[in-house]
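Protein chains in written order, with the UniProt record's numbering: chain A, 1 to 377; chain B, 1 to 377.
We put the CB at the ideal spot given by N, CA and C, even for glycine.
Notes to accompany the following structure.
There are 2 protein chains.
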Amino acid sequence: MPLIAHPQSMPFSQPLPLQSGAAIRDYALSYETYGTLNADKSNAVLICHALNASHHVAGVYEDQPKSEGWWDNMIGPGKPVDTDRFFVIGVNNLGSCFGSTGPMHINPDTGRVYGADFPVVTVEDWVDAQARLLDALGIRQLAAVMGGSLGGMQALCWSLRYPERVRHAVVVASAPNLNAENIAFNEVARRAIVTDPDFHGGHFYAQGVVPKRGLRIARMIGHITYLSDDVMNEKFGRQLREGIDLKYSTQDVEFQIESYLRYQGDKFSEYFDANTYLLITRALDYFDPARAHGGNLQQALAQTQAKFLLVSFTTDWRFAPARSREIVQALLDNKRAVSYAEIDAPHGHDAFLLDDARYLNVVRAYFARIASEGAAA
Amino acid sequence: MPLIAHPQSMPFSQPLPLQSGAAIRDYALSYETYGTLNADKSNAVLICHALNASHHVAGVYEDQPKSEGWWDNMIGPGKPVDTDRFFVIGVNNLGSCFGSTGPMHINPDTGRVYGADFPVVTVEDWVDAQARLLDALGIRQLAAVMGGSLGGMQALCWSLRYPERVRHAVVVASAPNLNAENIAFNEVARRAIVTDPDFHGGHFYAQGVVPKRGLRIARMIGHITYLSDDVMNEKFGRQLREGIDLKYSTQDVEFQIESYLRYQGDKFSEYFDANTYLLITRALDYFDPARAHGGNLQQALAQTQAKFLLVSFTTDWRFAPARSREIVQALLDNKRAVSYAEIDAPHGHDAFLLDDARYLNVVRAYFARIASEGAAA
């Protein structure tokens, strides 16, 4: 009997002040919950998502057996984050295109679709919005907040912004900020979208078009950076798509890797929103808790109160282990309790979503410890 | 008194058969020579260029003091490849947009501009065309053939295709073939160009437009892969372009790295030809001398007769040292004479064009040895 997920929506009428100085009002957050909130409301775990994900973290939708949540291998009954013990909340971030209020929704100030006028949101804004959702659900303190990649940044941000509301922060395949190369890849992807003639300055909805060319390029770039060199060579290498003879064409698919990337790009451009892509990559660029402390991460993390689990993957060149180690070191320098696992995995950044026994066991053991601590910790 | 370069053009009426099975006729190669061919014509050095370069390798043009050749720090009087000793030839490849016959020239079969109908050319085709140029210049054997990156592939190809015509091959920052990740980056760049509405299937010249959007994206991707992570962090890091306040914009430039990439993309799109970009990246993809030997590089290199210098750079992730070492190993397994230098340089793939004393000294010493050997070697 699989876990059945029930998407819900929480409306907020109170304006949410944003880091940019703007505010957003009359918005809604999509979310799902799994498991049961215990009597003292001490077993809640919040899951934060990365670029291309949503509140649908675990389980399947009724009568849709293929609709597994994006972290279904990690979260569910008897799984590393055990929904028989924890009340797990998946939430979709503001600006997303998967349910929560985003660029394709109506701007209450104008009565027209937001489009490019959707306010620029940051990791801090998302965390603030998530905190309000917890308020609405009556949850004062999280047993844990957890996320991978951009989701890990949110988990880290939670421990800084609401230190007393987080007992544990689980930060997987993440970084204390993006480096120049990461920003560079984001920028190329954004330029591809913004310069697509079908983007219309971000107001393409009214034109009945979608900047698919740009979205395809953005996704292709993304996929290259999610995979490791090793796994690409193993999976595709220089294998030709058709037989062994070269076609000698600059435009046709010749190598399997080209076919894979085109397929991923095409698929993505069918469902992902271009304005959301811009917003989410920008939130990634901006995240940098050390910035307000002159670049001193130790100082920035001094305000944390949580215990931490950090996980990184050896072949992840997008969020390399060295970046996780910066966080670990800064926490240790603050005498925080930190567990750190560097998993020797071939899959690059994608590894955080995949089945790796060592990785899943580390998380399982950590959450077993959280469960045994209870609210007393 | 700087070296003054004189561009020349050599016409060829005889059709050149290509690897694809097609042929090209009535073409011309642009080239430059520096220094003096000695009496027994034994001191010629051929320089092969990479993606964005040309026959203008060294020196400056008359009355254009800023027009230094792309490898002017390496080649010239008293420089590592000393034009007081060697007769150096720079040649522009077929399909280029810098002088030799390319997609913007007239197809003699149709009387119209080639555009996308320019035949797909390979590294082997370029080497064959270069061999004909040497024939026309009366040069039977090269003291050395030298190139970096794609130019290094041509140097390696020379040693295989015309073993008796090459005494030394100098292969810098190169590889025995592209790996899947390299092909992937090329493919994204090509898709950006081909899907630009101004590309018109490669026949944009007649429309009076240029697919600049695609060229910009292609160049931005290229620049990311030419630089190392380290040098990007050092040069740009997370530095903002204007002051210290964030603008909270998804489309404006916020970080210095974005400004740099946009500038490079804009500049490139003003002068580089889109069809040439497709052709050259495809030549990169196709090069794979081991392919005809079931992937066995040692077997492929058994036919070489030259002595070799290989150079790689530690932070080059586009053509990593490990790829150069594959060539070195395969040559050693064939008992060839090989010198190999792995230069600890922070600049990534770009290092092969930059001033690094150790690198320049290695090349200087190697060419001094070639000069001392004379034609007897």
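Taking C-beta atoms as the reference points, Ile75/B and Val57/B count as a pair closer than 9 angstroms. Contact between the segment 342 to 353 of chain A and the segment 304 to 315 of chain A is present, with at least three C-beta pairs closer than 8 angstroms.
Residue nearest to Tyr359/A within the set Thr281/A, Ala345/A, Leu331/A and Leu297/A is Ala345/A (criterion: CA-CA distance).
Counting every other CB atom within 10 Å of its CB across the protein chains shown gives Glu254/B a total of 16 or more, marking it as buried. With respect to chain B, the C-beta atom of Phe185/A has a partner C-beta closer than 9 angstroms.
Taking the Cβ atoms as the reference, Asn92/B lies roughly 20 angstroms from Ser20/B, outside the contact range of under 8 angstroms. Met10/B is bridged by DSSP to Leu29/B. The Cβ neighbour count for Ser159/A, taken over all protein chains shown within 10 Å, is at least 16; the residue is labelled buried. Rounded to whole angstroms, the Cβ separation of Gly348/B and Val231/B is 6 angstroms, and the two are in contact under 8 angstroms. Put simply, the CB of His223/A is near chain B, with a gap under 9 angstroms to one of its CB atoms.
Taking the CA atoms as reference points, Arg336/A sits about 8 angstroms from Gln305/A. DSSP, reduced to helix, strand and coil, places Tyr271/A within a helical segment of the structure shown. Sixteen is the threshold: since fewer than 16 other Cβ atoms of the shown chains lie within 10 Å of the Cβ of Glu234/B, the residue is exposed. Residue-level contact check: Phe236/A touches chain B, since one or more beta carbons of chain B fall below 9 angstroms from its beta carbon. Phe367/B is positioned such that its CB atom lies no closer than 9 angstroms to that of Cys157/B. By the 16-neighbour rule on beta-carbons within 10 angstroms, Met220/A is buried. Considering only beta carbons, no part of the segment 145 to 164 of chain A lies closer than 7 angstroms to chain B. Along the segment 114 to 126 of chain A, going in chain order, the ones with a CB nearer than 7 angstroms to a CB of chain B are Val120. Closest in C-alpha terms to Pro103/B, from the list Gly95/B, Asp109/B and Thr110/B, comes Gly95/B. Contact of Arg213/A with chain B is assigned, a C-beta pair being separated by under 9 angstroms. Secondary structure of Phe118/A (DSSP, three-state): coil. When the alpha-carbon of Phe272/B is set against those of Arg241/B, Gly295/B, Arg213/B and Ala292/B, the nearest one is in Arg213/B. Distance from Phe12/B to Tyr27/B at the Cβ level is roughly 6 angstroms; contact confirmed, criterion being Cβ atoms closer than 8 angstroms. One alpha carbon belongs to Leu301/A, the other to Ser324/A, and they sit about 14 angstroms apart.
Nearest CB-CB separation between Arg325/A and chain B: not below the 9 angstroms threshold. The beta-carbon of Thr101/A is placed no less than 9 angstroms from the nearest beta-carbon of chain B. Shown here, Met1/A sits in coil according to DSSP, grouped into three states, outside any helix or strand. Note on Tyr263/B: under 16 other CB atoms within 10 angstroms of its CB, so exposed under the neighbour-count rule.
Contact annotation, His55/A with Gly90/A: C-beta distance approximately 4 angstroms; criterion of less than 8 angstroms satisfied. Assignment of Ala169/B by DSSP, reduced to helix, strand and coil, places it in the strand class. Contact between the segment 114 to 122 of chain A and the segment 65 to 75 of chain A is absent, with fewer than three C-beta pairs closer than 8 angstroms. Cβ-Cβ distances below 6 angstroms link Val172/A to Gly148, Gly152, Val311 and Phe352 in the same chain, with the five nearest sequence neighbours on each side left out; the list follows chain order. Asn52/B sits away from Phe185/B, with the two beta carbons spaced by 9 angstroms or more. In the structure shown, the three-state DSSP call for Pro17/B is strand. Using beta-carbon distances, Asp285/A counts as an interface residue toward chain B, with a partner under 9 angstroms. Within the model, the alpha-carbon separation for Glu373/A versus Asn177/A is close to 31 angstroms.
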